[in-house]
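I have placed the structure first, in the form of structure tokens, so that the comments after it can refer back to it.
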């Protein structure tokens with residue numbers, strides 16, 4: 002169906018634009034990181050991309066997470082201008098950082114952002130286009146979160162088979178009626 006394909010392509014293009022902006026901003030932060038600071042925790046930068054996307058870029062090490070009680074929790078910049086709005090958070094255990102950094106043990110960079118209303122609408126249009134007939138498409142309970150992890154050279158890292166999970170807190174309260182969904186391009 003052409004309408005389904007168009008909606009899916011629009012969503013894929015929106016996600017790709019966010020990912021490209023995240024990688025570009027991550028490279029800038031990686032170039033300026035003092036690696037000695039990573040032993041104490043994470044180097045966190047709140048940045049705005051050339052496209053206007055607000056995001057959080059954090060450069061972390063397993064050593065820094067271990068020194069902070071075994072994990073690092075990073076609050077994520079929100080596209081919402083609402084004062085007092087909930088701030089999503091990502092908690093990454095030292096064991097996950099160790100697995101992600103590989104044998105060299107280098108730093109791991111994370112770029113994360115809540116998607117603005119236009120990007121969220123693209124995702125919702127794709128979901129609506131593929132919903133089974135007679136069934137309502139899912140509704141967003143919170144702003145979609147884009148999260149990408151990179152090695153110390155800015156290359157995307159695959160995230161799989163972690164000993165401990167990376168925990169995403171994207172809403173202050175959840176009911177049993179909510180489900181987590183994701184768009185995975187790897």
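Numbering (the numbering used here), first residue to last: 2 to 187.
Every residue gets a Cβ at the ideal spot worked out from N, C-alpha and C, and that includes glycine.
| Asked | Found |
| --- | --- |
| Other residues of its chain near residue 67: CB distance less than 6 Å, five sequence neighbours each side excluded | 95 |
| Range of the contiguous alpha helix (DSSP H) that encloses residue 19 | 3–33 |
| Residue 57 beta carbon less than 7 Å from that of residue 74 | no |
| Whether residue 158 touches residue 101 by CB criterion (7 Å) | yes |
| Beta-bridge partners of residue 171, as assigned by DSSP | DSSP, once it has assigned bridges, lists no residue as partnering residue 171. |
| Per-residue DSSP class, three states only, for residue 101 | helix |
| Opening and closing residue of the beta strand (DSSP E) in which residue 115 lies | 109–115 |
| C-alpha gap between residue 9 and residue 125, whole angstroms | 10 Å |
| Stretch pair the region 22–37 + the region 127–142: three plus CB contacts closer than 8 Å | no |
| C-beta contact flag for residue 175 and residue 4 at 7 Å | no |
| Cβ neighbour criterion (16 or more within 10 Å) applied to residue 38 | exposed |
| Cα-Cα separation, residue 89 to residue 150 | 17 Å |
| Cβ pair residue 147, residue 114 closer than 7 Å | yes |
| For residue 46, three-class secondary structure by DSSP | strand |
| Span separating the alpha-carbon of residue 7 from that of residue 166 | 34 Å |
| Closest by C-alpha distance to residue 54, when choosing among 70, 23, 31 | 23 |
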